[in-house]
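**Q**
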Amino acid sequence: MADRPTAVSDFSAAMTGGQTFQLAGRPARYTVLFFYPKDNTPGCTTENIAFRDLYAQFQAAGTEIYGISRDSLRSHEGFKTKLGLPFELISDPDEALCLQFGVMKMKQMYGKTVRGIERSTFVIDAQGQIVKEWRGVKVAGHVDEVLEFVARQA
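Residue numbers (the working numbering): 102 to 255.
1. Ignore the nearest five residues each way along the sequence and tell me which others in A151's own chain have a CB closer than 6 Å to its CB.
2. Please report the straight-line C-alpha distance between V224 and K183, rounded to a whole angstrom.
3. Once you ignore the five residues that flank P187 on each side, which residues in its own chain have a CB closer than 8 Å to its CB?
4. If you measure between the beta carbons of G229 and V133, is that distance less than 8 Å?
5. A103 to V232, Cα distance in whole Å?
6. List the whole-angstrom C-beta distance separating I218 from F135, where the pair is believed to meet the contact cut-off of C-beta under 8 Å.
7. What did DSSP end up calling R153 once you bin it into helix, strand or coil?
8. According to DSSP, is W235 helix, strand or coil?
9. Look up E249 in the DSSP assignment and say whether it is helix, strand or coil.
10. What did DSSP end up calling A161 once you bin it into helix, strand or coil?
11. Determine whether the Cβ of V204 lies closer than 8 Å to any Cβ atom of chain B.
12. Among A114, E249, M205, which has the Cα closest to the Cα of R236?
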């Protein structure tokens, strides 16, 4: 967790729905960016479903949600449709956002060391400051914790 707010450099990125995400000027009180390793994998599916299921409560707390992975827009569109996600997914195939947020890590997968996204979530306020971050996220209970945090800020 960040001890004090940390400024995020403005960025734009392609996202589902043929839209472009722009950090600056977001109308929401809070923006949640959650980085996940890969579409259509068990943990990532569970995490996206948890954000989907609590989406109305995040909206009531003045919070927008965006998922980010290195998957293509085509993969994201299929994943979003399959799960009925009410929020957009941001595609980061060149890892620009992953590097900006420092989420690329060496991980063990099936006995091999691979470079991939460390599941991480960031809450950014309307001024573009990270006010809370979670790294090395375990999916179970995580989305409830994020919702609890933004709801307490209201």
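Glycine included, every Cβ here is placed at the ideal spot set by N, Cα and C.
**A** Quick answer:
1. On the sequence shown, position 50 is the one that residue 151 refers to. Taken in chain order, the residues that qualify are V244.
2. Taking the sequence shown and counting its residues from 1, one reaches residue 224 at position 123. Taking the sequence shown and counting its residues from 1, one reaches residue 183 at position 82. Distance between the alpha carbons of V224 and K183 is about 26 Å.
3. By one-based count along the sequence shown, residue 187 stands at place 86. Taken in chain order, the residues that qualify are R153, Y156.
4. Along the sequence shown, one-based indexing puts residue 229 at 128. Along the sequence shown, one-based indexing puts residue 133 at 32. Contact: no.
5. For this step, residue 103 is matched to residue 2 along the sequence shown. For this step, residue 232 is matched to residue 131 along the sequence shown. Note that A103 scores 45 on pLDDT, short of 50, meaning its location in the model is unreliable; the coordinates nonetheless yield the value given after this. Rounded to whole angstroms, the separation of the alpha carbons of V232 and A103 is 7 Å.
6. Along the sequence shown, one-based indexing puts residue 218 at 117. Along the sequence shown, one-based indexing puts residue 135 at 34. Wrong, their Cβ atoms sit about 10 Å apart, outside the cutoff.
7. Position 52 of the sequence shown, counted from the first residue, corresponds to residue 153. Here R153 sits in helix by DSSP.
8. Counted from its first residue, the sequence shown places residue 235 at position 134. Strand, per DSSP.
9. Locating residue 249 in the sequence shown gives position 148, counting from the first residue. In this structure, E249 counts as helix in the three-state DSSP scheme.
10. Working through the sequence shown from its first residue, we reach residue 161 at position 60. In the structure shown, A161 sits in a helix (DSSP, three-state: H, G or I).
11. Checking the listed chains, one finds no chain B in this structure; it contains a single protein chain.
12. The residue given as residue 236 occupies position 135 in the sequence shown. Cα-wise, what sits closest to R236 is M205.
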